[in-house]
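According to my numbering, the stretch in the sequence shown is residues 8 to 197, in order.
Ideal Cβ positions, reconstructed from N, Cα and C, are used throughout, including at glycine.
Keep in mind it's a predicted model, so treat the numbers as computed, not measured.
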Amino acid sequence: MNFLAHAYLAGQDADFLTGNLIADAVTAAAYKQMPAVIQAGINHHRNVDKYTDTHPLVADCRLLFFSHIRHYAAVIVDVLFDHYLAKHWHLYHPLPLEAYEQTIYHILDKRAYLFSEKFVFMYSRMKAHRWLSQYQHLTYIRQTIENLNKRTPLFTQSAITIKVFDEQYDEIEKLFFAFFKDLSTQYKVA
8 MNFLAHAYLA GQDADFLTGN LIADAVTAAA YKQMPAVIQA GINHHRNVDK
58 YTDTHPLVAD CRLLFFSHIR HYAAVIVDVL FDHYLAKHWH LYHPLPLEAY
108 EQTIYHILDK RAYLFSEKFV FMYSRMKAHR WLSQYQHLTY IRQTIENLNK
158 RTPLFTQSAI TIKVFDEQYD EIEKLFFAFF KDLSTQYKVA
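Here's what the structure looks like:
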């Protein structure tokens, strides 16, 4: 899953949520120096990723893309699932998505001293471009896929990826709903 899903699943505790969002940018050495609640958030993030990576519904979704983009299918599906979560946010959370997004940025701003250099760069882009609320817009998702061509030299199939996404939009949405129900049952923190 991507940032929005990790934030949602992390629940209300600000430090636990922070651990979830910085997890991919935390080295083993830095992890050992983090407060216990941040470590717990990092562990939660990693468990969510393991569960996601091995779930049969996610595998079905990745197969829609695999023949065209191979291992990048995992990255694409993470982004697409955040799109569906953002699109249907009102079904999952009482706050409007834009208000929730500002809450997340406020929480992270207060804990910036925990950020690695890698996350500082990523977070500045996330906040400036309002990634969390932009996931709901198809134009943003298409742009994100196209930007992979610029950032990742081995990913050259943005056009076919967008074509498959457009053609399989409803099927991917069904897979998202079924998977996210399972994921939330296993990993949603109150």
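- For residue 192, the closest C-alpha among the options 58, 149, 81 and 156 is that of 58.
- Across the structure, residue 86 and residue 112 are spaced so that their CA atoms are roughly 19 Å apart.
- DSSP places residue 95 in no alpha helix (DSSP H); its state is neither H nor E.
- Taking the Cα positions, residue 104 is about 6 Å away from residue 96.
- With 16 or more neighbouring CB atoms inside 10 Å of its own CB, residue 93 falls in the buried class.
- The three-state secondary structure of residue 9, taken from DSSP, is coil.
- With the rule of 3 Cβ pairs closer than 8 Å, the region 62-80 counts as touching the region 173-191.
- With fewer than 16 other Cβ atoms from the protein chains shown falling within 10 Å of its own Cβ, residue 184 counts as exposed.
- Residue burial is scored here from C-beta neighbours: residue 167 has fewer than 16 other C-beta atoms within 10 angstroms and is therefore classed as exposed.
- A Cβ-Cβ contact shorter than 7 Å links residue 196 with residue 18.
- Close CB contacts of residue 32 within its chain, under the 6 Å cut and outside five residues either way in sequence, are with 123, 125 and 126 (chain order).
- Here residue 153 has 165 as same chain residues with Cβ atoms under 7 Å from its own Cβ, once five neighbours each way along the sequence are excluded.
- A straight line joining the alpha-carbon of residue 36 with that of residue 16 spans about 25 Å.
- In terms of Cα proximity to residue 155, the closest of 73, 120 and 169 is 169.
- With 16 or more other CB atoms across the displayed protein chains lying within 10 angstroms of its CB, residue 108 is buried.
- Take residue 163, set aside five residues on each side of it, and the residues of its chain with a beta-carbon closer than 7 Å to its own are 156, in chain order.
- In the three-state reduction of the DSSP assignment, residue 57 falls in the helix class.
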